[in-house]
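These notes concern the structure reproduced below.
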C-alpha cells in the first residue's frame, strides 16, 4: 500500500535498534549497539525543537473507524472518528501513532484505522468529529463511481462565513499524556492483535439525555483554517452551515426526493445511485440524525449491533422494541423495505425470546412514553410532534400487523381483550383515536368471522372419471392417485404455521408442532404403503406391475409439483427391502424414469436437487420440507443469545427459511376430490403405517427367498431344454 506523504520538508530518517532503554524525554541518535527486536527507536538529525521534529516524522494520518481501549500502558487508546498521526509502521500490524499536537506515542492496531491522503486529512479536520466516518465512507463511494461528484453538495468557492466548525469535545484531551510525555514508540507489542468489533449504532445516552448547553465546554471550537492555509480548496458543505440546513430541511419536508432542485449533475448522480444502491441516501440520513437534538434521539441505540448494511445482528429486547416503534428518518425505498422486513422478522420470531404479554407491555409503554425533563416549551412541542406522535403512530401500526398478519388471535387470544381495553382509552389526538377504532373493528371482524380454509378461488375442474378399483391398487389410475395425494398433502401443508416451524428447533413432538408432525408423518405413511403393496403381492408379475404403477405415480407427482409425495414414493422404491428384489426389478420396464427421479433424493448439498426443483416450480406446490427443518436446527446450533443480547441474525435466518418453506400455501390445487379414491388412500395410509421395520425386513427376506427359488427352478428347466 502506498501512502501519500505530507508536504512538509523532511530530514532523512534512520531506523535504528537501540538495546538501551528508550528515553521518554529526548530522541536518541543512531547507535551501533546490537540490534534487538524487543526495542525500537526512531532517530533523526535534529535541527528544530522537539515538537517540530516529531511533526516531520509523521508517515501518514489515519482515521479511527472503531473505538479502541486497552489496559496496556504502551497502547494509545482512541475513539471512533478521531484522526491520528502515524510515526512508525510494523509488519505485525501494530503502528506507532500520536495525536496532532500531543506528546505521547503509543501503539495502535492497523485493522482499527484507515490511512488518509493529505487532502482527505485536511478535509476531515474541518468536518464535525462525529460525522468523519460518514464523510469518509461517502467519499470512497463517490471516488469509486466512474463520474465526478455532484457539486450540489460541495461548495467550490471560498466559504463566505468565517464560522468555525464545532466538534464534540477535544480529541487530544480525552486521554491525558503520561507524566513527562513520550515522544518515542515503546517496545513492540507482544499482545495478540485485536479484531475490529461489529459496527454498532451510535451510542446515545439512556434515558433521553438533557439538552446540552451550547455555551458549555462540551462544544469546543476547532479553528477553520487548515495547517497550510489553503483558503480556496473544495470544502464540504458543513452541517452547521445555514445553507446546508436550509437544503436539508427542504429535502426532509418534501413528499418526494425527486421534487428537490435538479442540478446539471443529476444524471451523473443517478449513475452513482445505480452503482452504490442507497448508500448516498443512507449518508444523508446519518447527517440528519447527527443534527437532531438529544431529546429526539433513541435511548437504547447503543444496545444494538449492526452489520455493514445497517441491519440488526444482536440487541437487547428493549432496544429492539424501541427500533420497532422509531421513525427511520428516511424516504429511501430500500431502507424502508428493510424496516418492514425488520418488523416482520420480529413479529414472526418474538415468541422465541419473549412472551406475548411482555411484548404487549413494552409496546404500551412506548405509546405512553414520558417527556424528557428540563425541556423548554418550544423543545417540548418539538418532542411531541417529532418523537411522541410518530412513535405512537408506529406503535399502532405494529399492533395492526401483529393482529392481521401474525396470528395474534390464534396464538395469543388472551391479548385481544387487553388490546381492546388499551385502544378504547385512546381519545386524542383525533387521528390516533380513529386508528384505534379501526383496529377494534378489525378485532371484532376477525373474532366473529367464519374460519377460512385453503380452497381454490375458482370452482375445481370436473372430477376425473375413475375406474371401479374394487379395492385393488392395480385397477387405479396413477394420475388419479397422484391428484388425490396432492389434495391430501396440501390440506396438511396449508395448516403449517411459521411458529410451528421455528419451534421445531427446540422440540420435535407435542402440541407446539402438532400440524408439522402430521404433515411429516404422511411422508412415512405413504412410504410404508408403497413398500407393503409391493411385498404383499405373491406373484412376480404383479410385484413388477405394482413397482411400475408407483413409478408412474411419482412421475405424476412431480408434474403436479407435489414433491412431498414424490419423495415418499422414491424413498420407498429405493429402500433396501425393495431394491434387493432383483428378479422383480428385472421385469420392471420404467426403471430409467425412476433413476431420473432418484437424483432429487440425494442428500448431498443439503438436498440441492429438491431446492432447485422448488425454486423453479410454478403453480400449486407441496414442498418436501425435510432439508428446511434441518436448516432450522443448524441455525439454532450456529447462533446463540448471550448476556441478554438477542441474536436477531438467528431470527432473520429462521425467517428466511420459513418464508421459502411456506410460500406455496397461498395457491391451492384446482382439483376435485374423488371420494372413493381418497377413502382408499386414507385406509391404506392408516393400516400400512402400523407395520414396523422388523416386519418389512422379514417380509422382504421371504420374498427374496421365493425369487431365488423361482430363479433356480427356471435355470433347471432351461438346462433340461424347456
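In UniProt numbering, the protein residues as written are 1 to 722. Glycine included, each C-beta is placed from N, C-alpha and C at the ideal position. Computed from a prediction, not measured in an experiment: that's the story for all the values here.
query                                                                                                                                                                                   : result
What three-state label does DSSP hand residue 523 in the structure shown?                                                                                                               : helix
Apart from the five residues just before and just after residue 613, which ones in its own chain have a Cβ nearer than 7 Å to its Cβ?                                                   : 563, 600
With DSSP collapsed to three states, give me the class of residue 662.                                                                                                                  : helix
Could you check what DSSP says for residue 315 in three-state terms: helix, strand or coil?                                                                                             : strand
Measure the beta-carbon distance from residue 629 to residue 504 and round it to whole angstroms, keeping in mind my assumption that it falls under 8 Å.                                : 6 Å
Skipping 5 residues on each side, what residues in its chain have a beta carbon closer than 6 Å to that of residue 362?                                                                 : 321
Using the C-alpha atoms, what's the distance from residue 387 back to residue 265?                                                                                                      : In this prediction, residue 265 has a pLDDT of 44, which is less than 50 and means its spatial position is unreliable; nothing more can be read from the coordinates.
Does DSSP put residue 308 in a helix, in a strand, or in coil?                                                                                                                          : coil
Provide the residue span of the alpha helix (DSSP H) that contains residue 637, from first to last.                                                                                     : 626-638
Do you know how far the Cα of residue 122 is from the Cα of residue 233?                                                                                                                : At residue 233 the pLDDT is 39, less than 50, meaning the model places this residue with poor confidence; the figure from the coordinates comes in the next sentence. In a straight line, the C-alpha of residue 233 is about 10 Å away from that of residue 122.
Exposed or buried, what is residue 541 when buried is set at 16 or more other beta-carbons lying within 10 Å of its beta-carbon?                                                        : exposed
Give a yes or no on whether the C-beta atoms belonging to residue 360 and residue 415 are separated by under 7 Å.                                                                       : yes
Going by Cα to Cα distance, which pick from 93, 83, 79, 681 is closest to residue 126?                                                                                                  : 83
By DSSP, does residue 528 sit in helix, in strand, or in coil?                                                                                                                          : helix
Select from 526, 324, 96 the residue whose C-alpha is nearest the C-alpha of residue 684.                                                                                               : 526
Name the two residues that bound the continuous beta strand (DSSP E) containing residue 99.                                                                                             : 94-99
What do you get for residue 675, buried or exposed, if any count of 16 or more other CB atoms within 10 angstroms of its CB means buried?                                               : exposed
Could you check where the beta strand (DSSP E) with residue 61 kicks off and where it finishes?                                                                                         : 60-64
By the 10 Å Cβ neighbour count, where 16 or more other Cβ atoms means buried, how is residue 579 classified, buried or exposed?                                                         : exposed
If we count the other Cβ atoms within 10 Å of its Cβ and call it buried at 16 or more, is residue 95 buried or exposed?                                                                 : buried
Considering only residues of the region 112-140, which uninterrupted alpha helix (DSSP H) runs meet the minimum length of 4 residues and lie entirely inside it, listed in chain order? : 118-125
DSSP state of residue 477, grouped into three classes?                                                                                                                                  : coil
Apart from the five residues just before and just after residue 194, which ones in its own chain have a Cβ nearer than 6 Å to its Cβ?                                                   : 109
Quick check on the burial criterion: 16 or more other C-beta atoms within 10 angstroms. Buried or exposed for residue 106?                                                              : buried
Leaving out five residues before and five after residue 707 in sequence, what residues of the same chain have Cβ atoms less than 8 Å from its Cβ?                                       : 540, 581, 582, 583, 584
Taking three-plus beta-carbon pairs below 8 Å as touching, is the region 654-664 in contact with the region 619-637?                                                                    : yes
Expressed to the nearest angstrom, what Euclidean distance is found between the alpha-carbon atoms of residue 422 and residue 432?                                                      : 12 Å
How about residue 570 and residue 554: do their beta carbons lie closer than 7 Å?                                                                                                       : yes
Can the beta-carbon of residue 186 be found less than 7 Å from the beta-carbon of residue 111?                                                                                          : no
Taking the straight line between their C-alpha atoms, what separation do you get for residue 558 and residue 617?                                                                       : 10 Å
State the beta-bridge partners of residue 108 as determined by DSSP.                                                                                                                    : 95
According to DSSP, what are the bridge partners of residue 647?                                                                                                                         : 314
For residue 325 versus residue 395, is the C-beta spacing smaller than 7 Å?                                                                                                             : yes
Any idea what DSSP makes of residue 671, helix, strand or coil?                                                                                                                         : coil
Are the region 484-500 and the region 512-519 in contact at 8 Å, needing three or more beta carbon pairs?                                                                               : yes
Rounding to the nearest angstrom, what Cα-Cα distance links residue 406 and residue 425 in this structure?                                                                              : 24 Å
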